[in-house]
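Here is the structure we will look at, set down as structure tokens.
Okay, here's the thing in structure tokens:
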């Protein structure tokens, strides 16, 4: 027997667990916004890094160019106050160019314009250089150590990306030489100058401007013995200013320590500047507001230092016993130091006693920050002249060149 029973089949419908289309679109939109924001931030960061790199690069190039110029000015005898009229015959500056610095090199003579180093600014000559302006140098070739070599003088770019805005040095107490992105204020003594350089960087041509004080070499023959090669040797018998050209001298008292009686009371020193002509007439000086003795002369002269009180031979070594005047041409008792000279010893006589009373020249220079790495550090137009008044015996413990110490600035 067959029985047919009805069978009921049930279809169970389950809801889908996936994302709906609107949800997918919304998620995609959010992801796009997040990724876009991250990309925008990354681009800004990269652009910021690029700008920072450009700024750092521009600053480095400007500062290196100024350092190069400063180093070459140190080799020059003078900086011309009118570079435009002192361009050498071998150099042709284009119409877009302007001479800013003209340097007279040693032993070439200021009348010989064919032997002047010229720094000038001009428009970029081609696409190899970034504009708007480029600074050029015309001068003798240099070796890898920065020394002049014998060869045809070269006319080469020094630095590009120089600004095209005019720089007018101000304030300027000498001759202002304005230029586009490059300028100078040259002191009328032709020995010092303030040099200005403005570089640009970035798409917006942002500016970076720097300036530096540069010094032409002092006339080494004026103060014989002040050179980097001497071991703080004394002056020879040559007088100061043997060249006979008019210069201005500023003489400042750095230190004076000398006992004039058994109690060790300080001496007053009389400082005079005497010509070498018959009778040794004294040169008149005028004190300035900084306490310098200032005078201008074309005469050869000596510096004379005399203690104001007669001394006794019975004094101890540190209480010097010589009352005779000492001239700056004394080959033993006068010490002349220039930039780069070896620093004298700072071992003082009886250093455990009063340090102000027993200092020697080394102590004085160290205290006044004139010594770095055992070398004298001075502007190129300055010298230190130290006098030993009380002793004539160089082996005496009191022979220490600290009785009268002067700083001489030659302009």
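Residue numbers (this note's numbering): 7 to 417. Using N, Cα and C, we set each Cβ at its ideal position, and we do this for glycine too. Note that the coordinates shown come from a computational prediction; the quantities given were computed from them, not determined experimentally.
Quiz item: What is the DSSP secondary structure of residue 279, counted as helix, strand or coil?
Solution: Here residue 279 is taken as the residue at index 273 of the chain shown, counted from 1. Strand at residue 279.
Quiz prompt | Burial state of residue 127 (16 or more Cβ within 10 Å) | solution = Looking up residue 127 in the chain shown gives position 121. Buried, because 16 or more other Cβ atoms sit within 10 Å of the Cβ of residue 127.
Quiz item: Alpha carbon to alpha carbon, what distance is there between residue 96 and residue 225?
Solution: Counted from its first residue, the chain shown places residue 225 at position 219. Counted from its first residue, the chain shown places residue 96 at position 90. Bear in mind that the predicted position of residue 225 carries a pLDDT of just 44, short of 50, making it unreliable; the figure below should be weighed with that in mind. Rounded to the nearest angstrom, the two C-alpha atoms are 28 Å apart.
Quiz prompt | Helix, strand or coil at residue 79 [DSSP, three-state] | solution = Locating residue 79 in the chain shown gives position 73, where the first residue counts as 1. DSSP places residue 79 in helix when its eight states are reduced to three.
Quiz item: So, residue 201 versus residue 72, is the Cβ gap smaller than 8 Å?
Solution: Within the chain shown, residue 201 is the residue found at index 195, counting from 1. Within the chain shown, residue 72 is the residue found at index 66, counting from 1. Result yes, Cβ atoms of residue 201 and residue 72 sit closer than 8 Å.
Quiz item: Do the region 121-141 and the region 39-52 make contact, defined as three or more Cβ pairs closer than 8 Å?
Solution: no
Quiz item: What is the DSSP secondary structure of residue 408, counted as helix, strand or coil?
Solution: The count along the chain shown starts at 1 and reaches residue 408 at position 402. In the structure shown, residue 408 sits in coil (DSSP, three-state: anything other than H, G, I, E or B).
Self-check item: Of the listed residues 277, 293 and 297, nearest to residue 310 (C-alpha basis)
Solution: As a position in the chain shown, residue 310 is number 304, starting the count at 1. Nearest option by C-alpha distance: 277.
Quiz item: From the DSSP output, which residues share a beta bridge with residue 212?
Solution: Mapped onto the chain shown, residue 212 falls at position 206. DSSP, once it has assigned bridges, lists 207 as partnering residue 212.
Quiz item: Over what stretch of residues does the alpha helix (DSSP H) that includes residue 367 continue unbroken?
Solution: To locate residue 367, count along the chain shown from 1; it is residue 361. That run of the alpha helix (DSSP H) goes 367-373.
Quiz item: What is the C-beta distance between residue 416 and residue 214, in whole angstroms, given that I count them as a contact (C-beta under 8 Å)?
Solution: Position 410 of the chain shown holds residue 416. Position 208 of the chain shown holds residue 214. Going by Cβ atoms, the distance from residue 416 to residue 214 rounds to 34 Å, so no, they are not a contact pair.
Self-check item: Residue burial classification, residue 162 (beta-carbon count within 10 angstroms, cutoff 16)
Solution: Here residue 162 refers to the residue found at position 156 of the chain shown. It counts as exposed.
Quiz prompt | Integer-rounded CB distance, given that residue 339 should sit under 8 Å from residue 394 | solution = Taking the first residue of the chain shown as 1, we reach residue 394 at position 388. Taking the first residue of the chain shown as 1, we reach residue 339 at position 333. That pair is a contact at about 4 Å.
Quiz item: Rounded to the nearest angstrom, how far is the Cβ of residue 157 from that of residue 170, given a contact under 8 Å?
Solution: To locate residue 157, count along the chain shown from 1; it is residue 151. To locate residue 170, count along the chain shown from 1; it is residue 164. Residue 157 to residue 170, Cβ: 33 Å. No contact.
Quiz item: Roughly how many angstroms separate the alpha carbons of residue 105 and residue 166, rounded to a whole number?
Solution: Your numbering for residue 105 matches position 99 in the chain shown. Your numbering for residue 166 matches position 160 in the chain shown. Distance between the alpha carbons of residue 105 and residue 166 is about 16 Å.
Quiz item: Using the rule of at least 16 other Cβ atoms within 10 Å of the residue's Cβ for burial, across every protein chain shown, is residue 294 buried or exposed?
Solution: Numbered from its first residue, the chain shown carries residue 294 at position 288. The residue is exposed, with fewer than 16 neighbouring Cβ atoms inside 10 Å.
Quiz item: Could you give the distance in angstroms between the alpha-carbon of residue 312 and the alpha-carbon of residue 262?
Solution: The residue given as residue 312 occupies position 306 in the chain shown. The residue given as residue 262 occupies position 256 in the chain shown. Residue 312 and residue 262: Cα-Cα distance of roughly 12 Å.
Quiz item: Where residue 191 and residue 391 are concerned, what is the direct C-alpha to C-alpha distance, given to the nearest angstrom?
Solution: For this step, residue 191 is matched to residue 185 along the chain shown. For this step, residue 391 is matched to residue 385 along the chain shown. If I take the Cα positions, the gap works out to 30 Å.
Exercise. Return the residue from the list 108, 77, 280 and 69 that minimises the CA-CA distance to residue 85.
Key: On the chain shown, residue 85 is found 79 positions in, with the first residue counted as 1. Among 108, 77, 280 and 69, the Cα nearest to that of residue 85 belongs to 108.
Quiz item: Secondary structure at residue 286, three-state DSSP: helix, strand or coil?
Solution: For the purposes of this step, residue 286 is taken as the residue at position 280 of the chain shown. Residue 286: coil per DSSP, three-state reduction.
Quiz item: residue 145 lies in the beta strand (DSSP E); which residues open and close that run?
Solution: Counting from 1 along the chain shown, the entry for residue 145 is found at position 139. Element bounds for residue 145: 139-145.
Exercise. Kindly give me the distance between the Cβ atoms of residue 258 and residue 413, rounded to whole angstroms, as I take these residues to be in contact under 8 Å.
Key: Counted from its first residue, the chain shown places residue 258 at position 252. Counted from its first residue, the chain shown places residue 413 at position 407. Confirmed, about 5 Å.
Quiz item: Whose CA, out of 76, 385 and 408, lies closest to the CA of residue 218?
Solution: Residue mapping note: residue 218 aligns to position 212 of the chain shown, counting from 1. When only C-alpha atoms are compared, the closest one is 76.
Quiz prompt | DSSP state of residue 27 mapped onto helix, strand, coil | solution = Taking the first residue of the chain shown as position 1, residue 27 is located at position 21. Three-state result, residue 27: helix.
Practice problem: Give the straight-line distance between the Cα atoms of residue 74 and residue 64, rounded to the nearest whole angstrom. | Solution: Translated into the one-based positions of the chain shown, residue 74 becomes position 68. Translated into the one-based positions of the chain shown, residue 64 becomes position 58. Cα to Cα, the separation comes out at about 15 Å.
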